[in-house]
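Numbering (my numbering), first residue to last: 98 to 226.
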């Protein structure tokens with residue numbers, strides 16, 4: 098399974114893109130590993146909206162699949178600047194393109210990101226599963 102090198106990862110299987118961006122806004126989604134483990138995603142619910150605060154490590158929503166329901170955790174802290182309403186309306190997009198059109202939300206980070214893994218460390222984490 099591919100683990101894009103330019104992203105950073107949480108141990109809860111969320112990815113973060115854009116940490117090196119000048120505007121401080123990052124994009125968050127769930128990894129292909131998580132999407133595959135869940136199976137077909139049929140429902141996604143977020144506990145916040147644009148303008149709300151996300152807290153790193155805290156639950157921020159639920160992902161429901163044909164197999165189970167899993168909590169979604171924010172890997173970073175900051176102000177939510179965008180929600181991908183396309184994946185709320187059609188959650189299967191996450192299965193089809195988890196690192197592209199399947200992004201879930203964007204955050205203007207206010208605190209330094211904590212314990213995010215690089216692609217090598219994340220690949221080692223999922224090899225153990």
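Idealized CB from N, CA, C, for every residue including glycine. All of these numbers come straight from a predicted model, not from anything done at the bench.
| Check | Outcome |
| --- | --- |
| In DSSP terms, what residue 200 is bridged to | Paired residues: none, contrary to the question. |
| Three-state class that DSSP yields for residue 168 in the structure shown | strand |
| Own chain, CB closer than 8 Å to residue 139, minus 5 neighbours either side, in chain order | 161, 162, 163, 188, 189 |
| Distance, residue 174 Cα to residue 210 Cα | 7 Å |
| Reduced DSSP secondary structure (H/G/I, E/B, other) of residue 159 | strand |
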